[in-house]
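Visitor:
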Amino acid sequence: MKMKHMTRYGAAAVVVAGTMAVAPVWGDKPAEGGPGGAPAAGKAEEKAPRKLADLPPPKPISPQITKGLAYLAKIQNADGGWAQGGGWRRNAEGAGRVQADQAEDRSDLGNTCYAMLALLRSGADLQTGPYAENLRKGADYVMTQVEKADDDSLYVTSVRDTQLQSKIGRYVDTFLAMQLLSELKGLMPDPEGEERRAKMLDMVVAKVGGNQKKDGDFAGNGGWASVLSQGIASRSLNSARLVGAPVSDEMLERDHRQNLVGLDVAGRTFAATGVAGGAGGGPTSAGVSLYTASSKLRGFAENSVVNGRRKQALEEVAASPVAAPAEKEKAQVELKKIEDAEVAKDAAVQAVAASVQDAAFVQGFGNNGGEEFLSYMNISESLRLEGGKEWKEWDQKITATINDAQNEDGSWSGHHCITGRTFCTAGALLTLMADRAPVPEAGEEAVAKSDAGENPTIKTGEPEVE
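Going by numbering that gives the first Met the number 0, the first residue of the sequence shown is number 0, and it counts up by one from there.
Printed below as a string of structure tokens:
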């Protein structure tokens, strides 16, 4: 089987007469006028809330995506879950690793959630289509695991030896479950399934809220690059809020506080976070700027959507002739927080748009592991919400890079740290299908739909095949 090793971004490999020629496909330096060619930060640019109609239609499902989806469906376990898809595991009975040939590759929650998100992105649902049974079995596996969890700790699974937990954070399963259960709203096959899903999402949200520190971090969420699971937590908290789960303003404010750590708003740059995990010093990035910037950007982007919804209601209160003075004052305070958050989000977008011009930044650790694929998904989904030249250029080049790294069986492999094919394949697919990620609605219509139990997201259409 042919194995592809993606080590450089910004170059397309072309085989000529048995040799490999490299054709550059990425600019060497950012546009003039500062990072990303953007004006200085300080005040958020006035922008209308982005709607689905403002975004270009999603690309057709490519042959590479079709092969990847088929691979994921094929490797699902009989219990409905997905395993790592090979690779080392952490030694649950002591220090160090256990190699793949010495440990059972059993199902785990994190890989299952990520694989299901990839299937959902293609337009698949739980009732009809080629992946309906996969998704139904997977949803049952996830909810069964959550149902067995205790009420107080941040764990939602008894599995403790995965690559994901070791490398990107002990509680990554919890955060991925929160994201999946949010995206499954309105998609369950029957009312009983929807009631069960909502109950499990509320349970996970309660666990996250009960264990979130004032600075938005989570005690004990150690890992080689735990900033990546912190980013998943940020994105999933906002996603859960958008579908009506009991995520409080305080929880989102704490999360936003954590995202601000390391962001120079005026300079539009990110500082790398710490190298070692588990020391109580906050999320760590192994010194890889890609991990920090992409994770925080995704949190800022999703929070901006939440704030867009909140802003409309707050402006009505602030302008209301019948609202009490204290209510109007509180609304003004919250509106100022939203304005500041939008300034920070724009600075993060500009920082990443400038950084992706640098091949060394996009390389991450130096070659592709699951951490890189997750980071690429974060950047793609965030820039897609912004649109414009930066999104188009990034999407074209990262698509070519990822397509070139696909294995013959339709999978993608990791070559450091997270090597399991399930997570790497799902991450690659989610990056390729970033233009199919749900776009939450804003305003009173979405609130009404959430209150009525409908799914307050806009789907990007049924899958098309090239």
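Using N, Cα and C, we set each Cβ at its ideal position, and we do this for glycine too.
These numbers were taken from a predicted model, which means no experiment stands behind them.
Name, in chain order, the residues that DSSP records as bridge partners for residue 269.
Guide: According to DSSP, which records beta bridges pairwise, residue 269 is partnered with 262.
Visitor: Helix, strand or coil: which one does DSSP assign to residue 66?
Guide: Of the three classes helix, strand and coil, the one that applies to residue 66 here is helix, per DSSP.
Visitor: Using 10 angstroms around the beta-carbon of residue 332, count the other beta-carbons present and answer buried if the total reaches 16, otherwise exposed.
Guide: Result: exposed.
Visitor: Below 8 Å on the Cβ atoms is my guess for residue 118 versus residue 183; work out the distance and round it to an integer in Å.
Guide: Actually they are not in contact, since the Cβ atoms of residue 118 and residue 183 sit about 11 Å apart, beyond 8 Å.
Visitor: In whole angstroms, what is the alpha-carbon distance linking residue 369 and residue 307?
Guide: Cα to Cα, residue 369 sits roughly 32 Å from residue 307.
Visitor: Using DSSP with H/G/I as helix, E/B as strand and the rest coil, what is residue 438?
Guide: Of the three classes helix, strand and coil, the one that applies to residue 438 here is strand, per DSSP.
Visitor: Rounded to the nearest angstrom, what separates residue 386 and residue 56 at their Cα positions?
Guide: About 12 Å.
Visitor: Determine the closest residue to residue 242 out of 204, 191 and 263, with distance taken between C-alpha atoms.
Guide: It is 204.
Visitor: Within its chain, find whatever has a CB closer than 7 Å to the CB of residue 32; leave out the 5 residues flanking it on each side and keep chain order.
Guide: Its pLDDT being 40, under 50, residue 32 is placed unreliably in this model, and the coordinates cannot settle the point.
Visitor: CA-CA distance, residue 422 and residue 158?
Guide: Rounded to the nearest angstrom, the two C-alpha atoms are 16 Å apart.
Visitor: With distances taken between CB atoms, is the gap from residue 380 to residue 436 smaller than 8 Å?
Guide: In contact: residue 380 and residue 436 (Cβ atoms closer than 8 Å).
Visitor: Between 108, 107, 86 and 397, which has its C-alpha nearest residue 101's C-alpha?
Guide: When each option's Cα is compared against that of residue 101, the closest is 86.
Visitor: May I have the straight-line CA-CA distance separating residue 356 from residue 310, to the nearest angstrom?
Guide: Distance between the alpha carbons of residue 356 and residue 310 is about 33 Å.
Visitor: Cutting at 6 Å between CB atoms, please list the residues of its own chain near residue 350, excluding the five before and the five after it.
Guide: Once the five neighbours on either side are set aside, the close Cβ partners of residue 350 are 267, 268 and 269.
Visitor: Sort out for me which residues DSSP pairs residue 87 with in a bridge.
Guide: In the DSSP output, where bridge partners are listed per residue, residue 87 has none listed.
Visitor: Starting from residue 421, follow the alpha helix (DSSP H) in both directions and report where the run begins and ends.
Guide: Looking at the DSSP string, the run of the alpha helix (DSSP H) that includes residue 421 is 420–431.
Visitor: Is it true that the CB of residue 211 sits closer than 8 Å to the CB of residue 256?
Guide: The answer is no: Cβ separation not under 8 Å.
Visitor: DSSP three-state label for residue 383, please.
Guide: Three-state DSSP puts residue 383 in a helix.
Visitor: Do you know how far the Cα of residue 366 is from the Cα of residue 190?
Guide: Computed Cα separation, rounded: 45 Å.
Visitor: Does the Cβ of residue 137 have 16 or more other Cβ atoms within 10 Å, making it buried, or fewer, making it exposed?
Guide: So residue 137 ends up on the buried side.
Visitor: To the nearest angstrom, how far is the alpha carbon of residue 299 from that of residue 214?
Guide: Those two C-alpha atoms are separated by around 16 Å.
Visitor: Give me whichever residues DSSP pairs with residue 97 in a beta bridge.
Guide: In DSSP, residue 97 forms a bridge with 88.
Visitor: Which partner residues of residue 364 appear in the DSSP bridge assignment?
Guide: DSSP lists no partner for residue 364.
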